[in-house]
Structure formats: C-alpha cells, structure tokens
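Asks:
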Amino acid sequence: MEKWYWWMLLGMAVVTYIPRAFPLTFLEGRELPLLVSGVLRNIPYAVLGALIFPAILFVQEGNMLFGLIGALAAFALAFAGANVIVVVMGSIAVLAIYSLIG
Amino acid sequence: MTFMNGIRAGISIAIGYFPIALTFGLLAKTTGLSMWEATAMSIFVFAGAAQYISLTLISKGVDPILIVLNTFVVNIRHFLMTASLNEKMQPDARWKKAIYAFGVTDETFSVLATNKSDTIRTPFAAGVILISYGSWVVFTAVGHVIGANLPEFLQAAMSIALYAMFVGLLVPSMKGNRKVMLLALFGAVIHSSLYWSGLLSTGWAILVATLGSAILVEMIYAKKGSAS
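So the protein lines, in turn, are chains A and B. For the first sequence, numbering that gives the first Met the number 0 begins at 0 and goes up steadily by one. For the second sequence, numbering that gives the first Met the number 0 begins at 0 and goes up steadily by one.
#1: In chain order, what are the residue ranges of uninterrupted alpha helix (DSSP H) at least 4 long that sit wholly in the stretch 76-114 of chain B?
#2: Since B:Ile119 sits in a beta bridge, which residues does DSSP pair it with?
#3: For B:Ala37 and B:Gly24, which I take to be in contact (beta-carbon distance under 8 Å), what is that distance rounded to the nearest angstrom?
#4: Quick one: list the residues of chain A neighbouring B:Asp117, beta-carbon separation under 9 Å, in chain order.
#5: Any Cβ of chain B within less than 9 Å of the Cβ of A:Gly61?
#6: Between A:Leu64 and chain B, is any beta-carbon pair separated by less than 9 Å?
#7: Grouping DSSP H, G and I as helix and E and B as strand, with all else coil, what is B:Met218?
#8: If we cut at 9 Å on Cβ distances, does B:Glu217 have a partner in chain A?
#9: Taking DSSP as the reference, what is the three-state secondary structure of B:Glu36?
#10: Identify which residue in B:Ser83, B:Thr55, B:Met80, B:Thr81 has its Cα closest to the Cα of B:Thr70.
#11: Counting contacts by CB-CB distance shorter than 9 Å, is A:Pro18 in contact with chain B?
#12: If you drop the 5 nearest sequence neighbours on each side, which residues of the same chain put their C-beta closer than 7 Å to that of B:Ser158?
#13: Tell me which residue opens and which closes the alpha helix (DSSP H) that B:Gln154 is part of.
#14: Please return the same chain residues whose Cβ sits closer than 6 Å to the Cβ of B:Leu21, not counting the five positions on each side in sequence.
#15: Let me know the secondary structure DSSP gives A:Met63 once reduced to three states.
#16: Could you compute how far the alpha carbon of B:Asn148 sits from the alpha carbon of B:Phe165?
#17: Once DSSP output is grouped into helix, strand and coil, what is the label at A:Val87?
#18: For B:Gly47 and B:Leu161, what's the separation of their Cα atoms in angstroms?
#19: Using a beta-carbon distance cut-off of less than 7 Å, what residues from the stretch 126-144 of chain B approach chain A?
In structure tokens form, the structure reads like this:
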C-alpha cells in the first residue's frame, strides 16, 4: 500500500475516537436533566437488544437456523443462571457439535 | 473493582474477539495489506465492524475519504454509549477518561454498563479494555502471519461468541425487571424492522433503535410514575 493508506488510517482513527472521547470528557462533572440521565441509563439494555437482534441470526451466511440454534442455546444457558463465560463457551460447544454432526 | 477483576470480566470479550481478529488479519492480507498495515489498523482504530467494511471498500478501490466518512457513520453509535457510560463511571481526571475512552467498543461498553455495582472504578474499566484490546491487536497480527483460519466447524461455532456474551450480560438484568425487558425488546424490534426494511445502514440503525427504545420506555415509565 502507499502513503494514502496511512492518511486514511489517521482519519479513521480520529473519527472513531471523537464519538468515544467527547461525552466522557465533556460531560465529566456535569449534572444532566433528570429525563436525559434516565434515557442514558436505559441505553445499555436498549443497545444490547439492538446488538443481538437481528445480527445473531446471521452469524452464518445463508443459514439462519445456525444462528437460531446458537441464540436458543445462549438464552437457555443464561436463563438457567449460567455466568457469562459459561454462556459463551456453552453456545460455542453447542454449535460446534451441531456443525460436526450436521 | 480492581484492575485484575476487570481483566477477568473482559475474558469473554477476548475469547469473542479471537476468531474475528484472526479473520480480519487474514482478510487484510488477501486485500493486500502488509502485516504492519493490518495490525496498525487494529492498534489505532479498534473498531471491528468499521475495520471489516474498510477492507471491502479498499479492495473495491473506493476513495479513502469516503472510507473515513463511512467509518464515522458506523462508529457514531459509540457517542451514545460513552454518554451513558459517563453516568456510571467514577469521576476522574479528564486525561484518564480521554485515554480509556479509546477502548470503548460495543463489547467493552456492554460489560461495563451491565456491571452490578453503581459506580465503575477506572482500574476495572482499564482491565476490561486492556485484555480486549490485547486480544484484538495480537490476533490481528497472528491471523495475518499464519494466513489461515481455524478449522471450519470451530470458526463457525465461535462466530456466536460475542452475541452469546451479549445475551449472557442482558438476561440476568432482565429477570424480574420489566423495564429492562422492554428496553431490550424495543431495541431488538426497532433494529430488526430497520434492517429488514432497508431504511438505514447498520451504523445509523443501531443508533436509532437504541435511542428510540431508551426514550420510548422512559416516556412510558414517566407517565406511569405521574399516574400513580
């Protein structure tokens, strides 16, 4: 690659960093209106829903069943009370077995 | 809430990044990037989705300026995450926050934001971020050097890892908490409908779905509160 690659990388680094750093530094020590802080406290759970669906169904291209099985395994383990690492390893194991026998 | 607790809490992210970073390194190689160029992207950008998309765009010969713009759009959702995280982080010197802000990804954010304690201490966040970042950078390089993937069945199975982690973080908070359940449900439904209608690209769709759900549920509960 030529020089442009490194300039592009610099640009990518800057535009990725700004949305990450701006709120954490600018909002430090500021009190927000109650409604705004209420909405901000909701963000983690709203974002988890949006990150999981629909993408979890597309982990294998063209085979939604694969993602569905993985999703079911993950939710089943999590609802059974398994901790995060067990949910992760268990879901991988279920799909590995499914790929090997399927 | 020590640094070591953070490292431990970040292990599932490190596991989840492993196959993705490996594949990124491999794809970067086939796109024509050197080992340093590929690894430098993981070192300086540290944003999975945007990095993957950039490879596709580079191979298509898209103008680098457009690649930078696209990166911005894909990553703008982190704005919401860091604004939310700021409410939960221990107050600290701005320069420290400016440093760990670099390491806020979908995954590190999810682990930090769903943590049971009310305030997250800076060393804990540093631990979560450092092990995740380490996995991302190291396995990018490894993927480029070995130039091969995991066995196919394992690669396929491991692609569930990060989503399984999101599920594992969400479900315990969801149990017996209708607000959390509604938030996740609305986030999922709005994002899915935006996805299938093709209205917005992924970066914007996640942002709109998250904000939409967070505001909607807050309004529902504000009304409930004033009615009772």
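Ideal Cβ positions, reconstructed from N, Cα and C, are used throughout, including at glycine. As the structure is a computational prediction, the values presented were derived from the model and not from experiment.
Replies: Based on what the coordinates show:
#1: 77-87, 93-100, 105-112
#2: Here residue 119 of chain B refers to the residue found at position 120 when the second sequence is read from its first residue. Paired residues: B:Met88.
#3: Along the second sequence, read from residue 1 onward, the residue named residue 37 of chain B stands at position 38. Along the second sequence, read from residue 1 onward, the residue named residue 24 of chain B stands at position 25. Right, their Cβ atoms sit about 6 Å apart.
#4: Within the second sequence, the letter at position 118 stands for residue 117 of chain B. By Cβ distance, chain A contributes nothing, its closest Cβ being about 11 Å from B:Asp117, past 9 Å.
#5: For this step, residue 61 of chain A is matched to residue 62 along the first sequence. Chain B contact via Cβ: absent.
#6: Stepping through the first sequence from its first residue, residue 64 of chain A is reached at position 65. Not one chain B Cβ lies under 9 Å of A:Leu64.
#7: Mapped onto the second sequence, residue 218 of chain B falls at position 219. Three-state DSSP puts B:Met218 in a helix.
#8: Along the second sequence, one-based indexing puts residue 217 of chain B at 218. Yes, contact with chain A.
#9: Here the question's residue 36 of chain B lines up with position 37 in the second sequence. Three-state DSSP puts B:Glu36 in a helix.
#10: Working through the second sequence from its first residue, we reach residue 70 of chain B at position 71. Here the closest residue by C-alpha is B:Thr55.
#11: Working through the first sequence from its first residue, we reach residue 18 of chain A at position 19. Yes, A:Pro18 lies at the interface with chain B (some Cβ there is under 9 Å from its Cβ).
#12: For this step, residue 158 of chain B is matched to residue 159 along the second sequence. Contacts found: Pro18.
#13: As a working mapping, residue 154 of chain B is identified with position 155 in the second sequence. Per DSSP, B:Gln154 belongs to the alpha helix (DSSP H) from 151-157.
#14: The residue given as residue 21 of chain B occupies position 22 in the second sequence. Cβ neighbours of B:Leu21 beyond the five flanking positions: Phe138, Gly142.
#15: Taking the first sequence and counting its residues from 1, one reaches residue 63 of chain A at position 64. The answer is helix: DSSP assigns A:Met63 an H, G or I state.
#16: What you label residue 148 of chain B is simply residue 149 of the second sequence in a count that begins at 1. What you label residue 165 of chain B is simply residue 166 of the second sequence in a count that begins at 1. For B:Asn148 and B:Phe165, the distance between alpha carbons rounds to 24 Å.
#17: Counting from 1 along the first sequence, the entry for residue 87 of chain A is found at position 88. Note: A:Val87 maps to helix in three-state DSSP.
#18: As a first step, residue 47 of chain B must be located in the second sequence, where it is residue number 48. As a first step, residue 161 of chain B must be located in the second sequence, where it is residue number 162. B:Gly47 and B:Leu161: Cα-Cα distance of roughly 12 Å.
#19: none
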